[in-house]
Amino acid sequence: MSTSTVHHILNGWTPLMRASFDGHVEIVRLLIEAKAQLNIQEKEDGATALHLAAQEGKADVVRLLTEAGAQLDIQRTNGATPLFIASQNGHSEVVNILLRNGAGVDRAMNVSQSSVTA
Numbered sequence: 006m007s008t009s010t011v012h013h014i015l016n017g018w019t020p021l022m023r024a025s026f027d028g029h030v031e032i033v034r035l036l037i038e039a040k041a042q043l044n045i046q047e048k049e050d051g052a053t054a055l056h057l058a059a060q061e062g063k064a065d066v067v068r069l070l071t072e073a074g075a076q077l078d079i080q081r082t083n084g085a086t087p088l089f090i091a092s093q094n095g096h097s098e099v100v101n102i103l104l105r106n107g108a109g110v111d112r113a114m115n116v117s118q119s120s121v122t123a
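Structure, rendered in structure tokens:
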């Protein structure tokens, strides 16, 4: 697989983002081995592959991404981190993985978003 294929962005998502969202563990592993960039943010809302896996509760993918060195506290444009998203969606296994790997627990969303839950 060529580097250009790995990093190609289609509609704002990289192949790693798509595979992470869908929970394709072996594809994610292959893309990581091919040196896919782990922390590219989607153009529209700033999501990374880790955000997408956390959102969908894909614990095995979250584990792979964190072990490969994905940044745990990157915020989407609304301020949400992967930990926030996993917590919001009730994905306790993902929350545990992120916490064990050092995700920050005190990152707040932007005021306009967090005030809804306050």
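Position 65, counted from 1, in the sequence shown is what the working numbering calls 70; the numbers after and before it change by one each time, with no gaps.
Don't be surprised by glycine CBs; every beta carbon is placed ideally from N, CA and C.
Just so we're clear, the structure is a prediction, and the values are computed from it rather than from any experiment.
- Cβ neighbours of D65 within its own chain (closer than 8 Å, five residues either side excluded): G28, V30.
- Per DSSP, the unbroken alpha helix (DSSP H) holding R23 starts and ends at 20-27.
- R23 and Q60 have their alpha carbons spaced roughly 13 Å apart.
- For D65, the enclosing alpha helix (DSSP H) begins and ends at 64-72.
- Of the candidates A75, A54, R81, N94, the residue whose Cα lies closest to the Cα of G107 is A75.
- Shortest Cα-Cα distance from A73 to any of R112, F26, K40, P20 involves K40.
- Sorting V99, I90, L69, L35 by C-alpha distance to the C-alpha of A52 places I90 at the top.
- Our two residues, L55 and M114, have alpha carbons roughly 17 Å apart in a direct line.
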